[in-house]
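J.: Position one of the sequence shown corresponds to residue 167 (the numbering used here), numbered consecutively onward.
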Amino acid sequence: MSNFVDEFVAGVEAKNPAQPEFIQAVREVVDSLAIVLEKHPEYRSAKVLERIVEPERVIMFRVPWMDDNGEVQVQRGFRIEFNSAIGPYKGGLRFHPSVNLGILKFLAFEQVFKNSLTTLPMGGGKGGSDFNPKGKSDAEVMRFCQSFMTELCKHIGPNTDVPAGDIGVGGREIGFLFGQYKRIRNEFTGVLTGKGLNWGGSLIRPEATGYGAVYFACEMLAANSKDISGMTCLVSGSGNVAQYTCEKLLELGARPVTLSDSGGFIHDPEGITTEKLEWVMDLKNVRRGRIKEYADTFKSATYTSIDPTLDHNPLWSVPADCAFPSATQNEINGKDAQNLISNGCQLVSEGANMPTTPDGVDVYLKNKILYGPGKAANAGGVSVSGLEMSQNSLRLSWTREEVDERLKGIMKAIHTSCYDAANEYGTPGNYVNGANIAGFLKVANAMLDQGVV
Ligand code: NDP
Numbered sequence: 167m168s169n170f171v172d173e174f175v176a177g178v179e180a181k182n183p184a185q186p187e188f189i190q191a192v193r194e195v196v197d198s199l200a201i202v203l204e205k206h207p208e209y210r211s212a213k214v215l216e217r218i219v220e221p222e223r224v225i226m227f228r229v230p231w232m233d234d235n236g237e238v239q240v241q242r243g244f245r246i247e248f249n250s251a252i253g254p255y256k257g258g259l260r261f262h263p264s265v266n267l268g269i270l271k272f273l274a275f276e277q278v279f280k281n282s283l284t285t286l287p288m289g290g291g292k293g294g295s296d297f298n299p300k301g302k303s304d305a306e307v308m309r310f311c312q313s314f315m316t317e318l319c320k321h322i323g324p325n326t327d328v329p330a331g332d333i334g335v336g337g338r339e340i341g342f343l344f345g346q347y348k349r350i351r352n353e354f355t356g357v358l359t360g361k362g363l364n365w366g367g368s369l370i371r372p373e374a375t376g377y378g379a380v381y382f383a384c385e386m387l388a389a390n391s392k393d394i395s396g397m398t399c400l401v402s403g404s405g406n407v408a409q410y411t412c413e414k415l416l417e418l419g420a421r422p423v424t425l426s427d428s429g430g431f432i433h434d435p436e437g438i439t440t441e442k443l444e445w446v447m448d449l450k451n452v453r454r455g456r457i458k459e460y461a462d463t464f465k466s467a468t469y470t471s472i473d474p475t476l477d478h479n480p481l482w483s484v485p486a487d488c489a490f491p492s493a494t495q496n497e498i499n500g501k502d503a504q505n506l507i508s509n510g511c512q513l514v515s516e517g518a519n520m521p522t523t524p525d526g527v528d529v530y531l532k533n534k535i536l537y538g539p540g541k542a543a544n545a546g547g548v549s550v551s552g553l554e555m556s557q558n559s560l561r562l563s564w565t566r567e568e569v570d571e572r573l574k575g576i577m578k579a580i581h582t583s584c585y586d587a588a589n590e591y592g593t594p595g596n597y598v599n600g601a602n603i604a605g606f607l608k609v610a611n612a613m614l615d616q617g618v619v
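(1) Of the residues Thr284, Gly356 and Gly376, which one's Cα is nearest the Cα of Ser368?
(2) Identify whether Leu418 lies in helix, strand or coil by the three-state DSSP scheme.
(3) At a Cβ threshold of 9 angstroms, is Ser404 touching chain C?
(4) Flag Leu415 as yes when its Cβ comes closer than 8 angstroms to any non-hydrogen atom of the ligand NDP, and as no otherwise.
(5) Are the Cβ atoms of Asn496 and Ala379 separated by less than 9 angstroms?
(6) How is His433 classed by DSSP in three states: helix, strand or coil?
(7) Given a threshold of 16 other Cβ atoms within 10 Å of its Cβ, counted over all protein chains shown, does Trp365 qualify as buried or as exposed?
(8) I need the straight-line Cα distance from Ile438 to Gly236, nearest angstrom please.
(9) Using the DSSP secondary-structure output, state which residues sit across from Asn249 in a beta bridge.
(10) Using DSSP's beta-bridge definition, name the partner residues of Pro329.
(11) Just checking, does the segment 213 to 226 make contact with the segment 297 to 313 on the three C-beta pairs under 8 angstroms criterion?
(12) Taking 7 angstroms as the limit between beta carbons, can you name the residues of its chain near Ala212, skipping five residues before and five after?
(13) Any heavy atom of the ligand NDP closer than 8 angstroms to the Cβ of His478?
(14) Sorted by chain position, which residues of the same chain lie with C-beta nearer than 8 angstroms to Gly419's C-beta, five sequence neighbours on each side aside?
(15) Once the 5 residues before and after Val214 are set aside, which same chain residues still bring their CB inside 8 angstroms of it?
(16) Helix, strand or coil for Ile225? Go by DSSP, reduced to three states.
(17) Give me the Cβ distance between Leu358 and Ile340, rounded to the nearest whole Å; I'm assuming they're in contact under 8 angstroms.
(18) Kindly indicate which residue of Gly430, Val192, Thr424 and Asn169 has the alpha-carbon position closest to the one of Lys541.
(19) Please state the DSSP three-state secondary structure of Val401.
(20) Are the CB atoms of Asn505 and Ser483 within a distance shorter than 9 angstroms?
(21) Where does Arg453 fall in DSSP's three states?
(22) Secondary structure at Arg193, three-state DSSP: helix, strand or coil?
(23) Rounded C-beta distance between Thr375 and Asn406? I'm assuming under 8 angstroms.
(24) Quick one: is Glu404 buried, meaning 16 or more other Cβ sit within 10 Å of its Cβ, or exposed?
(25) Lys608 to Leu425, Cα distance in whole Å?
(26) Buried or exposed for Phe354, going by 16 or more other Cβ atoms inside 10 Å?
(27) Who does Tyr469 pair with in a DSSP beta bridge?
(28) State buried or exposed for Gln409, treating a residue as buried only when at least 16 other CB atoms are found within 10 Å of its CB.
(29) What residue range is occupied by the uninterrupted alpha helix (DSSP H) comprising Ser559?
(30) Given a cut-off of 9 angstroms, decide if Gly345 and Gly337 are closer than it, judged by their beta-carbon atoms.
(31) Do Val407 and the ligand NDP come close, with the Cβ less than 8 angstroms from some heavy atom?
(32) Helix, strand or coil: which one does DSSP assign to Phe464?
(33) Measure from the alpha carbon of Phe272 to the alpha carbon of each residue in Gly510, Gly595, Ala604 and Met520, then state which is nearest.
(34) For Gly362, is the classification buried or exposed, using 16 other Cβ atoms within 10 angstroms of its Cβ as the cut-off for buried?
(35) Over what stretch of residues does the alpha helix (DSSP H) that includes Cys311 continue unbroken?
(36) Taking 9 angstroms as the cut-off, decide whether the C-beta atoms of Phe432 and Tyr469 are in contact.
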C-alpha cells in the first residue's frame with residue numbers, strides 16, 4: 167500500500183507542479199487513507215481518490231483597482247470550488263501577498279474534510295487574492311473588495327458557494343464584499359458568512375475558530391482525565407483566531423503567555439490577562455499596529471523579532487503545557503516540534519490551517535502527545551458559519567448562549583468521530599488518521615451515491 171501512496175502522490179505532483187502546500191496536504195490525507203482503501207476496494211474501483219484530489223472548478227480572474235494616488239493596481243483573484251458532494255461550497259477568502267493557486271488549493275482541499283467533520287451539509291471551497299490589506303486605507307480596501315466581488319458574484323450564491331473570512335479578511339472586508347454583491351445582484355441573501363450582527367451575521371462567529379480550538383483541546387484532555395485550568399499555553403498569531411483562543415483560555419482558567427505577528431513574538435511570563443487582551447484587540451483590530459508595541463506597553467513582556475537565519479522559531483521553545491498555533495501554514499517545523507516537547511508541551515491544538523510541517527507532525531505522533539490537527543481543531547469557525555447560513559435561511563437569530571452551546575456540541579462530536587475512526591482503523595489516539603478517515607468517508611460515500619460526476 168505504501169507503493170500505492172507514493173505512486174498516487176507522485177501522479178498528483180506531476181499534474182500540479184510548483185504547488186508544494188497542496189501536495190503536502192494531499193500526501194497527509196492519502197497516507198491516512200491507505201488502510202481505508204485496503205478495506206474498501208469500492209472506493210478504488212470508483213476512482214474516488216483520483217476524483218477527490220481534483221477541484222470541481224477553479225476560477226481565476228483579474229482584479230484591477232485604483233489606489234489613493236490615482237494609480238491603477240492589478241491583483242489576481244481566485245475561487246477554488248473543490249467538492250460539493252455533501253453541500254454548497256463553503257470556505258474562506260484569504261487576502262495576503264503570499265496567496266497563489268497552490269496555497270488556495272491546499273486550503274480548499276483541507277476544507278472538504280473539515281466541513282464533512284462538522285456534521286453540517288457543506289462542501290469545500292476557498293478563495294482569495296494576493297492583495298495585501300496591510301497599510302492600505304479603508305477606501306483602498308473598499309475599492310479592491312468591490313472590484314473583487316464584481317467578478318466573484320458571477321460564481322457564488324447562497325445555494326452554490328458561500329465564502330467567509332480568513333487571513334486578511336475580517337468584518338470590514340466582508341462588509342464591503344457583501345455591499346457590492348447586494349448592489350450587483352439586487353438580493354439580500356446569505357451569500358457570505360461572518361457578516362455584521364445587524365445585517366445577517368451570527369453571534370459567536372468571530373469567536374468561533376478560537377473558541378472551537380480550545381474546546382477541542384478540552385475534549386482531548388478530558389479523554390485523558392485532564393483539565394485545561396491552570397495550564398500555561400503558547401499562542402501564535404494575534405489576529406482573529408489567536409485573540410479568541412486567548413479569550414476562551416482565560417475564561418477556562420488557563421494562562422496564555424505568547425502572541426506573535428509576522429514581525430516577531432511577545433512572551434509575557436505573568437500571563438496575557440483579560441485587560442491586556444482587550445488592549446491587543448484594540449491594537450490589531452482598530453489601530454492596526456504591530457505586536458511589538460505590547461512589550462513597549464507592558465513591562466512584564468519581552469519581544470523577540472523573527473530571525474530568518476534561524477532554523478527554528480524561539481516562540482516554540484518557551485516552556486508551556488499546551489500550544490495553539492494560530493497564525494499560518496508551516497509555522498512549526500520538526501525542530502520546533504521537538505523544542506515544544508522538550509520544554510514540557512503535552513498538547514497541540516491547531517487553530518491555523520496546516521501550521522505544522524510533516525516532520526513536525528511525525529515528532530508529535532512519535533512522542534504520543536495530544537495532537538489535534540487543524541482540520542478537526544479549527545472547524546469551529548466553519549461550523550458557526552454553517553449555523554449562520556441556517557439562521558439566514560430561517561430568517562431568525564439565535565442567542566449567544568444558543569450558538570455557543572451548538573458550537574461546543576459540534577466540537578465534541580468532531581472529537582468523538584475522530585477518536586472513534588482512529589480506534590476503528592487500528593491507530594488509537596491518532597487524531598490525524600481519525601480526522602482524515604472520518605472526513606473522507608462521508609464525502610466518499612456521497613460521491614459513490616451520486617455516480618461518476
Ligand atoms: P488574521 O489575518 O486575523 O491573523 C493572522 C495572524 O497571523 C496575524 O497575526 C498575522 O501577522 C499572522 N501571520 C499571517 N501570515 C503570517 C506569516 N507568513 N508569518 C507569521 N505570521 C503570520 O487571520 P486569522 O486569525 O483569521 O487566521 C489565522 C489562521 O487560522 C490561518 O491559518 C487561517 O487559515 C486559520 N483559520 C481561520 C479561520 C477563521 O475563522 N478566521 C477558520 C479556520 C482556520 P501579520 O499581521 O503580521 O501578517
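Yeah, the Cβ is synthetic: ideal placement off N, Cα and C, and Gly gets one too.
T.: On the basis of the data shown:
(1) The residue labelled residue 368 in the question sits at position 202 within the sequence shown. Of the listed residues, the one whose Cα sits closest to Ser368 is Gly356.
(2) The residue given as residue 418 occupies position 252 in the sequence shown. In the three-state DSSP reduction, Leu418 falls in the coil class, being neither helix nor strand.
(3) The chain inventory of the structure shown lacks chain C, comprising one protein chain alone.
(4) Residue mapping note: residue 415 aligns to position 249 of the sequence shown, counting from 1. For Leu415, the shortest separation between its Cβ and any heavy atom of the ligand NDP does not lie below 8 angstroms.
(5) As a first step, residue 496 must be located in the sequence shown, where it is residue number 330. As a first step, residue 379 must be located in the sequence shown, where it is residue number 213. Not in contact: Asn496 and Ala379 (Cβ atoms no closer than 9 angstroms).
(6) Residue mapping note: residue 433 aligns to position 267 of the sequence shown, counting from 1. Here His433 sits in strand by DSSP.
(7) Here residue 365 refers to the residue found at position 199 when the sequence shown is read from its first residue. By the C-beta density criterion, Trp365 is exposed, having fewer than 16 other C-beta atoms within 10 angstroms.
(8) Against the sequence shown, residue 438 aligns to sequence position 272. Against the sequence shown, residue 236 aligns to sequence position 70. Computed Cα separation, rounded: 43 angstroms.
(9) On the sequence shown, residue 249 is found 83 positions in, with the first residue counted as 1. When beta bridges are read from the DSSP output, Asn249 appears opposite Gly290.
(10) Residue mapping note: residue 329 aligns to position 163 of the sequence shown, counting from 1. Paired residues: Gly257.
(11) Counting C-beta pairs closer than 8 angstroms gives fewer than three between the segment 213 to 226 and the segment 297 to 313, which falls short of the contact rule.
(12) Taking the sequence shown and counting its residues from 1, one reaches residue 212 at position 46. Once the five neighbours on either side are set aside, the close Cβ partners of Ala212 are Leu614.
(13) Translated into the one-based positions of the sequence shown, residue 478 becomes position 312. Look at His478: its beta carbon is at least 8 angstroms from all of the heavy atoms in the ligand NDP.
(14) Here residue 419 refers to the residue found at position 253 when the sequence shown is read from its first residue. When the five nearest sequence neighbours on each side are left out, the beta carbons in the same chain lying within less than 8 angstroms of the beta carbon of Gly419 are those of Ile394, Ser395 and Gly396, in order along the chain.
(15) For the purposes of this step, residue 214 is taken as residue 48 along the sequence shown, with counting starting at 1. Counting only residues of its own chain and dropping the five nearest sequence neighbours on each side, Val214 has a CB closer than 8 angstroms to the CB of Ala610, Met613 and Leu614.
(16) In the sequence shown, counting from the first residue as 1, residue 225 sits at position 59. Reduced to three states, the DSSP call for Ile225 is strand.
(17) As a working note, residue 358 is residue 192 in the sequence shown. As a working note, residue 340 is residue 174 in the sequence shown. So it is a contact: roughly 6 angstroms between Cβ atoms.
(18) Walking along the sequence shown from the start, residue 541 turns up at place 375. Checking every option, the nearest Cα to that of Lys541 belongs to Val192.
(19) For this step, residue 401 is matched to residue 235 along the sequence shown. In the three-state reduction of the DSSP assignment, Val401 falls in the strand class.
(20) Locating residue 483 in the sequence shown gives position 317, counting from the first residue. Locating residue 505 in the sequence shown gives position 339, counting from the first residue. Their beta carbons are under 9 angstroms apart, which means Ser483 touches Asn505 by this criterion.
(21) Numbered from 1 along the sequence shown, position 287 holds the residue referred to as residue 453. Three-state DSSP puts Arg453 in coil, outside helix and strand.
(22) Working through the sequence shown from its first residue, we reach residue 193 at position 27. Of the three classes helix, strand and coil, the one that applies to Arg193 here is helix, per DSSP.
(23) As a first step, residue 375 is located in the sequence shown; it is residue number 209 there, counting from the start. As a first step, residue 406 is located in the sequence shown; it is residue number 240 there, counting from the start. Yes, Thr375 and Asn406 are in contact; Cβ-Cβ is about 7 angstroms, under 8 angstroms.
(24) Position 238 of the sequence shown, counted from the start, is the residue given in the question as residue 404. At residue 404 the sequence reads Ser, which differs from the Glu that was named. With 16 or more other Cβ atoms within 10 Å, it is buried.
(25) What you label residue 608 is simply residue 442 of the sequence shown in a count that begins at 1. What you label residue 425 is simply residue 259 of the sequence shown in a count that begins at 1. Each residue's CA atom was taken as its position, placing Lys608 and Leu425 some 36 angstroms apart.
(26) Along the sequence shown, read from residue 1 onward, the residue named residue 354 stands at position 188. Per the 10 Å Cβ criterion, exposed.
(27) Start at 1 with the first residue of the sequence shown, and residue 469 comes out as number 303. In the DSSP assignment, the residues bridged to Tyr469 are Ile432.
(28) In the sequence shown, residue 409 corresponds to position 243, counting from 1. The residue in question, Gln409, is buried, as its Cβ has 16 or more Cβ neighbours within 10 Å.
(29) The count along the sequence shown starts at 1 and reaches residue 559 at position 393. Start and end: Gly546 to Leu560.
(30) As a working mapping, residue 337 is identified with position 171 in the sequence shown. As a working mapping, residue 345 is identified with position 179 in the sequence shown. No, the Cβ-Cβ distance between Gly337 and Gly345 is not below 9 angstroms.
(31) Translated into the one-based positions of the sequence shown, residue 407 becomes position 241. Indeed, a heavy atom of the ligand NDP lies less than 8 angstroms from the Cβ.
(32) If you number the sequence shown from 1, residue 464 lands on position 298. In this structure, Phe464 counts as coil in the three-state DSSP scheme.
(33) As a working note, residue 272 is residue 106 in the sequence shown. Comparing Cα-Cα distances from Phe272 to each of Gly510, Gly595, Ala604 and Met520, the minimum goes to Met520.
(34) Within the sequence shown, the letter at position 196 stands for residue 362. By the neighbour-count rule (16 or more Cβ atoms within 10 Å), Gly362 is not buried but exposed.
(35) On the sequence shown, position 145 is the one that residue 311 refers to. Membership of Cys311 in the alpha helix (DSSP H) is indicated by the continuous run Asp304 to Leu318.
(36) As a first step, residue 432 is located in the sequence shown; it is residue number 266 there, counting from the start. As a first step, residue 469 is located in the sequence shown; it is residue number 303 there, counting from the start. Checking the displayed sequence, the identity of residue 432 turns out to be Ile instead of Phe. Ile432 is a Cβ neighbour of Tyr469, given a cutoff of 9 angstroms.
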